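Protein chains in written order, with my numbering: chain F, 1 to 445; chain Z, 446 to 677.
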Ligand SMILES: Nc1ncnc2c1ncn2[C@@H]1O[C@H](COP(=O)(O)OP(=O)(O)OP(=O)(O)O)[C@@H](O)[C@H]1O
Ligand SMILES: [Mg+2]
């Protein structure tokens, strides 16, 4: 009966194409919405995994999160490196990872940090080793893929965080060397170039005599617990010093490059994991009381950020569902009028020996075929649109949006389209099922 | 099919007794009775409104009789339920209507293939090709029904009916739209094709031109009863 259903669809190709297109439009919109929103939510959640709090310079908390966690925005500023020690001294802090931003290589951010950052994103080396000496760097999977950089390759960072920034200048006095390449993680880490904080300082000619927080933290970075203990003990007097002289902290932040007659060691932000739930209540408030520091909670800022799009997404989804309803109505109308127009055909089929169920099945198959074609075309269009958008807008590409990925929710959309097609065909099919042979034939005589 | 049907094969293909049917409006046919032997060709004549089409639909199992019995190939058509009646018709009978000749969305050839499939017969491209050739339809096999002329469509409908190897071929006004020469040609074709296929033929018409071609004619009176059953 599929063959006959196809023949009838072909017989009114114009209407069929219109219905298929209408449904495809609805499915494509729904699929694109699903892919984008799922990707955005998933990516936001995954990039922020393990980060309970971000401490950085005062400014917009959203900007701090976007810059330090998602590497999408410019940082709010820098904070004195003592902040790290201060945080590590706090019993509420289980882990504090510094980030030093400022440069990029072909648009990929060079991030000065500690090996613990890799654990945050589940990054593993596929090649080489971690950075050890100054100016050694490990590159994310996408950086390696896009730039073609390999182990041992030297590269120069440019000032600024984006590839095309005005007045970008190469730090040609200080080339980095790639010592390791990371496996893809599907997180922002794929797009980062990781090195030690000191290397970032070196590039900018900032004098320093020890690693931030601990002189040895990066030497035994594989043993994270050990590094933390070590740092904790070591940081103790730093913390006291800062507490004893809060004005000094403020001064450092207010004129970061002027402290002690030259550029002072600073970090851009610190990613904090709590040691206990109680810290979530105490720590942000305590930090925000400091005039130079701000603490932002990724989950809160992300949620606030995403609610900006809630209305738009809901609106777009409603529109797509409206199109889907219009498509169903159109399929229904076309099938019903077609069933009427070929009442004679259906009666003839019955006389030729087709059972009522078979006639019913033929019309139902027409609805389902239209729905299936519309759904498949819609999937195709949806994925193509998402892929095109990901390529056209770096921000979308940057969150790992891809038209080549399949979301399980698409099965739902597919099933929904088929159900819609079946429902739209049900009444016309029932009309075919009930055909009064004698009356139809008498009319046709 | 039980083997006994072959052991005691009915002498008559069709046996109608005391058959009557009334439409809601009061028109109808009967009561009447007649028989038809296998491969016998018979005309069904009568004035307009006498019940010729109604009788044909009763024999085809498309209407349920009010009184009387219809034995088709030994099976009591009148006593069967809708599904069993559909099945009996499928196995024994093909019908050619004045309009409604072919399934509109598929080609002439596809119509013949579909007819065999719906009749529960195995595909037989050789038979389809021979039949199309015999009826002068071979060059038109790939055409959609709407691209056929009246006469071509009529022959295609005949091919569609014969391709299912029916025991009984029913035709309602198959020549009404044709001129004298065409009508005679079409009727001759119908007779020859049925004879070749071994099918009994019952042809409704008020077209007296066909009378000389058929060996027998049933004539209905205005009252819906059988007025005459005569060899012509
Ligand atoms: N579906 C129907 N509903 C009500 N009355 C009907 C119906 N079909 C036929 N009739 C009536 O039954 C009677 C017999 O009709 P039928 O069509 O069998 O006549 P016919 O001999 O085929 O006529 P014609 O030569 O004009 O085709 C007529 O009086 C007709 O009006
Ligand atoms: Mg009639």
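The C-beta atom is built at its ideal place from N, Cα and C for all residues, glycine as well.
On a predicted model such as this, the values are computed, not experimentally measured, just so you know.
- The Cβ of residue 70/F sits no closer than 7 Å to any Cβ of chain Z.
- Counting along the chain, residue 29/F sits inside no beta strand (DSSP E); it lies in the alpha helix (DSSP H) bounded by residues 13-47.
- Within the same chain, and ignoring the five residues on either side of residue 653/Z in sequence, the residues whose Cβ sits closer than 8 Å to its Cβ are 490.
- For residue 676/Z, the enclosing beta strand (DSSP E) starts and ends at 671-676.
- Shown in chain order are the members of the region 535-556 of chain Z whose Cβ falls below 7 Å from a Cβ of chain F: 535, 540, 542, 543, 544, 545, 548, 549, 550 and 551.
- Residue 268/F sits away from residue 134/F, with the two beta carbons spaced by 7 Å or more.
- DSSP lists 110/F and 159/F as the bridge partner or partners of residue 103/F.
- In the DSSP assignment, residue 537/Z falls within the alpha helix (DSSP H) that extends over 527-537.
- In this structure, residue 498/Z has its CB closer than 6 Å to one or more heavy atoms of ligand 2.
- In terms of beta-carbon proximity, residue 484/Z stays away from the interface with chain F, with every pair separated by 7 Å or more.
- The Cβ-Cβ distance between residue 459/Z and residue 501/Z does not fall below 7 Å.
- A contact is defined here as three or more CB-CB pairs under 8 Å, and the region 604-619 of chain Z fails this definition with respect to the region 586-596 of chain Z.
- Residue pairing from DSSP places residue 196/F in a beta bridge opposite 113/F.
- One finds 549, 550, 551 and 589 in chain Z with Cβ atoms closer than 9 Å to the Cβ of residue 11/F, taken in chain order.
- Membership of residue 423/F in the alpha helix (DSSP H) is indicated by the continuous run 409-433.
- Non-local beta-carbon contacts of residue 12/F in its own chain, meaning distances under 8 Å to residues more than five positions away in sequence, involve 334 and 338 in chain order.
- Listed in chain order, the non-local C-beta contacts of residue 63/F below 6 Å within the same chain comprise 73 and 76, local neighbours out to five positions each way being set aside.
- Relative to ligand 1, the beta carbon of residue 472/Z is positioned inside 6 Å of a heavy atom.
- Nearest to residue 469/Z by alpha-carbon distance, out of 480/Z, 487/Z and 511/Z, is 511/Z.
- In this model, residue 118/F and residue 306/F are separated by some 26 Å (Cα to Cα).
- Put simply, the backbone Cα of residue 32/F is about 36 Å away from that of residue 158/F.
- Between the region 353-364 of chain F and the region 50-69 of chain F there are fewer than three C-beta pairs closer than 8 Å, too few to call the two in contact.
- Close to residue 441/F, with beta-carbon spacing below 8 Å, are these residues of chain Z in chain order: 502, 507, 542 and 545.
- Taking a Cβ-Cβ cut-off of 9 Å, residue 638/Z has no neighbours in chain F, whose nearest Cβ is about 18 Å from it.
- Non-local beta-carbon contacts of residue 606/Z in its own chain, meaning distances under 7 Å to residues more than five positions away in sequence, involve 539, 540, 541 and 614 in chain order.
- Residue 322/F is classed as exposed because its beta carbon has fewer than 16 other beta carbons within 10 Å across all chains shown.
- For residue 474/Z, the uninterrupted beta strand (DSSP E) segment begins and ends at 473-481.
- Shortest Cα-Cα distance from residue 203/F to any of 146/F, 151/F, 103/F and 130/F involves 103/F.
- DSSP lists 180/F as the beta-bridge partner residues of residue 128/F.
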